[in-house]
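Data block below; observations after.
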Amino acid sequence: MAAGSLGLVMTSPGQTYTISIFVEHFIDDLSLSRSAVSSLYTLGTLAGSLTLPLWGRQIDLKGSRKMVVVIAFLFGLACIYMGWVQNAIMLGVGFIAIRMLGQGSLGLVSQTVINQWWVRKRGLIMGISGFILAILGMGVFPNMVHRLIALYDWRMTYPILGAILILGMVPVGLVLFRNRPEEFGLRPDDVPADTDQISDFASEIKTSFTEWSLKEALHTRAFWVILASVVSFTMISTGQFFHLVGIFDDQGLTSTVAASVFVPISLATAGANLVAGIAIDRLPVKFLLIIGLFLQASSLLMLQMVGSTASAYLFGILLGTTSGLFRAINSVVWPAFYGRTHLGSIYGFTAAAGVLGAALGPLPFGITRDLLGSYHLILFVFAGISLLLGLLSLVVKKPNKLVFLQRRSKL
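Residue numbers (this note's numbering): -16 to 394.
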C-alpha cells in the first residue's frame, strides 16, 4: 500500500493541480493565448488518454512491478523535456507525454497494485491511500513548485521534478512493487494460501463478487452512470484547477493566494477520502455519488462569489471534499463491482475516459473567458450538468452476473 500510494503521489507533476502553477508562465514566455494553451492541453491530454487501455492491458499481462519501472522512467524524461519547450508544438508534445505517463499510466499502475492486494478492507485501504495522496500530492506539490519557480525559474523546475521521478520512484517501484498476492502464496487481505481460512475466504470472495471482463462490464447500466459521473468530476475539476489562477485574478486575488488554496483543498480531500473510503464498504455507491455531485454543483456556484482569502479557503474546502468523495468512489467501485481478474483492462478504459474528461475540461473555461470576459456562464452550465447526473445516479446498483448472463443467453 505504501509503495502504491507513493506512486499516486508521484503522478503530481502530470496532474492539473501542479500544471496550473505553470500556466501563466507558458502564456507569457511562449507568447500564447489562454485559449491556445487550453487547446494544447486538451489535445495533449486527449492524445495521451488514447493509449491508456493499452497500458492497462500490459499491466494485466506483465504485472505492475515491471510496468511501474518503465512508466516512472519515461515520465521522468518527459518532465525533463518540459523544461526545454520553446513553442506551441513542443508544448503540445510535452502535454501528451506528461498526461499519458503521469496522470494516466503511473496513476493506473499504482492504483491497480493496491487493489490487487485488498478485497474486504479495500475501501479503508484506498481511503488511507487517498489521504496520503491528498496531503503529499495536492497539498505539497503546488506550493513546492511555486517556490521552486521563484528560486530557479519554471524551466529548471520541471527537470528537478523529472530527476525526483527517475532517482526516487523508479527504485521504489523496482524494490517494493509486487504483482498479485497469489504469486507469493497469499490471498488478498494478507490471508496465507496454506491456512484453513482459505476455504472460508474463497467462499466469501465467490459470494461477494464475481469476475467481469471489460466487454461484459460495458454492457451494464451501472458502469456507464458511474463512469459519466466520474468523468464529469475530472472534466470540471480539471477546468477549475487549470484556470484557478486566472479565475482568482479576475476576482482580485493573487497567484500566491491561488497556490495557497491547494492546502485547504488537500486537507479536505484527505479527510473526505478517508471517510468515504470507510463509508463505501457500508453504504450504497449511489448515495456517495449523489452527495459528490451535489457538492460539485455547489463548488461551481461558490467559485463565482470568491472575493477574499477567507472565501477562497472555504471554496477550497468544498472542492476538496468533492474531490475526496470522487477519488474514493473511482478507486474502489470498479474492483468492488467487477472483480480483480480484468482490473487492469477495466481501469485502463475508465482511466482513458477520465483523462478524456480532463482533456476537455480546460477548453470551455478558456473559450468562455476569451469570448465573454468572465467564467460565469460555464460555471452555471457545469453546475446544471452536475445536478442532472445526481438524479441519474439514483438508478445505480451493483450488477448481478447471473442475471446478466441469463439475459445475454436469451438474445
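Cβ atoms here follow ideal geometry from the backbone N, Cα and C, with glycine treated the same way. Just so you know, these numbers come straight off a predicted model, no measurement behind them.
The beta carbon of V240 is closer than 8 Å to those of F231, T292, A295 in its chain, skipping five residues each way along the sequence. With distances taken between CA atoms, V228 lies nearest to I10 out of S(-12), Y330, I10. Taken atom to atom, the span from the alpha-carbon of L355 to that of P345 is near 15 Å. In this structure, the CA atom of V123 is about 8 Å from the CA atom of V246.
Judged by DSSP secondary structure, A293 falls within the alpha helix (DSSP H) whose first and last residues are 292 to 321.
At a Cβ-Cβ threshold of 8 Å, Y330 and G39 count as neighbours. Cβ-Cβ separation between S14 and I350: approximately 19 Å, too far for a contact (criterion under 8 Å). Rounded to the nearest whole angstrom, the C-alpha separation of F225 and F167 is 43 Å. Cβ contact annotation for K381 (same chain, cutoff 6 Å, sequence separation greater than five): F320, in chain order. DSSP, reduced to helix, strand and coil, places L144 within a helical segment of the structure shown. With 16 or more other Cβ atoms inside 10 Å of its own Cβ, I361 counts as buried.
Under the 10 Å beta carbon count, M288 is surrounded by fewer than 16 other beta carbons and is classified as exposed.
Rounded to whole angstroms, the separation of the alpha carbons of T217 and F332 is 14 Å. The alpha-carbon of L283 is positioned some 21 Å away from that of V208. Of all alpha-carbon atoms in G327, S(-12), Y135, the one lying nearest the alpha-carbon of I42 is that of G327. Listed in chain order, the non-local C-beta contacts of S88 below 6 Å within the same chain comprise W38, I54, local neighbours out to five positions each way being set aside. For H8, the secondary structure class from DSSP, reduced to helix, strand or coil, is helix. Taken through DSSP and simplified to helix, strand or coil, S369 comes out as helix.
Leaving aside the five residues that flank N70 on each side, the residues in its chain whose CB is nearer than 7 Å to its CB run, in chain order, L13. Per DSSP, E199 is one residue of the alpha helix (DSSP H) stretching across 197 to 200. A straight-line Cα-Cα distance of about 21 Å links L201 and R310.
DSSP, read as helix, strand or coil, puts V68 in coil.
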